[in-house]
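Student: After the structure tokens below, expect a handful of questions from me.
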Amino acid sequence: HGTSRVNERGHLEIGGVDTIELAKTYGTPLYVYDVALIRKRARAFKQTFEKHGLRAQVAYASKAFSAIAIVQLMAEEGLSLDVVSGGELYTALKAGFPVERIHFHGNNKSREELEMALRAGIGCIVVDNFYELSLLEQLSREFERKTPILLRVTPGIEAHTHDYILTGQEDSKFGFDLHNGQADEALKQALASPHLQVLGIHCHIGSQIFEATGFVLAAKKLFEKLAAWRDQYRFVAEVVNLGGGFGIRYTSEDDPLAPEQYVEEIIQEVKRDVEMFSLPMPEIWIEPGRSLVGDAGTTIYSIGSRKEVPNIRQYVAVDGGMSDNIRPALYEAKYEAVLANRVLDEKEEVVSIAGKCCESGDMLIWDLPLPKAEAGDYLAVFCTGAYGYAMANNYNRLPRPAVVFVENGEAQLVIRRETYEDLVRLDVPLKTKVNK
Ligand code: LLP
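Per the UniProt record's numbering, the sequence shown starts with residue 3, numbered consecutively.
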């Protein structure tokens, strides 16, 4: 997929660059991002709205992968940006992202984070709960601002996905409940404040969703509510944000829609609803994370040790693991992989790919058919672009890997590999001498 292909040497090539050369230059594990594929995905989302002549914002959910370079790339592509913490906001501001297109999410934004956002002149704050509503109202008054907000609601829709990442169902820590009066009360309070400007409503029903049905149902519920709010409060929403969650294909077993197909179905539903309730067409916002960067990322590992459990299993270990990709351990997520230096070699055995962390659960892939792999070979694991580096950690004091962008035959280092010195940089040694 994307610009990946096998070159004359039998090596995996991405963006016109040999991944084995990359591994030798930058070391492993290494995340390699196919920039052309990210641009293609971004444009497909935008063009779907343009085709229908609709005003829209496609906000990249930067939790999927936040770094200055990716934020710059999304700015270049004319996207908006969803941040969920002071850290992601800081990254966005450092990258020079247009602040009026940054949206701030989160179920427990701190006073400091909200102040930082207001000081920067943030485009929109997605208000999650009553505590935040009153805190933001108070801060906006102090800042003498009229802060643009969306109200995040929980429409009570279960998306077909892994339990851990369900966020749209009723029993959720996120948002105002749409049906028990919470959302109405939140709107009433927000409308009463001269320091808040309610742009509209937001919901996010989950992640790695394969069908459009959930989005269509959610849109319907939001518009029913908006019709009621117009009648009850004379409130007319300028913006309806339907969140992210569009699924991608990690393995051949996954069967998602094409990214823009989700948007197409959302648009059809919005058009029906707007007509049914005689509402003006709002601006539609979406917040894709995974579907913009997920399949554009590939991790290159070096293969090291092997262990045979006779008649049961061959373990093949790589130089990373749950420290750079925690998704298999956390969600039982599945991945596909090839030997990056011998992609076309015949598959001779079925092996299980182990990470190097001191934990039995640190397995990246079970039962992967591969050519006979040995130390010195390279493994390329596909679709690691979302929630890979973003959830990377220093368990076992493993330094976090480097990240390179490749495009048109050129590679650019965008995150340096951590050094051992980086690992102890924040450590404060004891003052007293322990030994001697
Ligand atoms: N908007 C909101 C409000 C969200 O909570 C999320 C993801 C997104 C947008 C982007 O969702 P996406 O398009 O990337 O599915 N760590 C998990 C995923 C957690 C998603 C949390 N919220 C994983 O590795 O699968």
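Every residue, glycine too, gets a C-beta built ideally from N, C-alpha and C.
This one's a predicted model, so the numbers in the text were calculated from it and none came from an experiment.
In this structure, how does DSSP classify Ile203 when only helix, strand and coil are distinguished?
Tutor: Strand at Ile203.
Student: Quick check: what's the CA-CA separation for Ala69 versus Val86?
Tutor: 14 Å
Student: Does the distance from the C-beta atom of Ala342 to that of Tyr391 stay below 8 Å?
Tutor: no
Student: Would you mind sorting Val426 into buried or exposed? The rule is 16 or more other CB atoms within 10 Å of its CB.
Tutor: Taking all protein chains in view, the Cβ of Val426 is surrounded by fewer than 16 other Cβ atoms within 10 Å, so the residue is classified as exposed.
Student: Report the residue from Glu213, Ile151, Ser64 and Glu78 whose alpha carbon sits nearest the alpha carbon of Tyr92.
Tutor: Looking at the Cα atoms, Ser64 is the closest of the given residues.
Student: Our contact map puts Gly357 next to Leu370 with C-beta atoms below 8 Å; I'd like the distance itself, whole angstroms only.
Tutor: Between Leu370 and Gly357 the Cβ distance is about 14 Å, and since that is not below 8 Å, they are no contact.
Student: Can you find the residues in the same chain that come closer than 6 Å, C-beta to C-beta, to Phe99, ignoring five residues on each side of it along the sequence?
Tutor: The residues are Val73, Ala77 and Leu83.
Student: Assuming residue 2 and Gly18 make a contact with CB atoms under 8 Å, what is their CB distance in whole Å?
Tutor: Examination of residue 2 is not possible in this model, given that the chain is present from 3 through 438 alone.
Student: For a test of the three-state rule: what should DSSP assign to Met283, helix, strand or coil?
Tutor: coil
Student: Using DSSP with H/G/I as helix, E/B as strand and the rest coil, what is Ser64?
Tutor: helix
Student: From Gly13 to Asp297, what does the alpha carbon distance come to, in whole angstroms?
Tutor: For the record, residue 13 in the displayed sequence is His; it is not Gly. So the two alpha carbons sit approximately 19 Å from each other.
Student: Rounded C-beta distance between Gly245 and Ile207? I'm assuming under 8 Å.
Tutor: The distance from the Cβ of Gly245 to that of Ile207 is about 6 Å, consistent with a contact at the 8 Å cut-off.
Student: Could you name the residues of the same chain whose beta carbon sits closer than 6 Å to that of Lys48, not counting the 5 residues immediately before and after it, in chain order?
Tutor: Val60
Student: Out of curiosity, what's the CA-to-CA distance linking Phe237 and Leu228?
Tutor: 8 Å
Student: Quick check: is any heavy atom of ligand 1 less than 7 Å from the C-beta of Gln210?
Tutor: yes
Student: Contact between the region 324-343 and the region 306-313: three or more CB pairs below 8 Å?
Tutor: no
Student: Let me confirm a value: Asp165 is counted as buried when at least 16 other C-beta atoms fall within 10 Å, else exposed. Which label applies?
Tutor: For Asp165, the pLDDT reaches just 42, beneath the cut-off of 50, and the residue's location in the model is therefore unreliable, leaving the point undetermined.
Student: Alpha carbon to alpha carbon, what distance is there between Ala394 and Pro403?
Tutor: 9 Å
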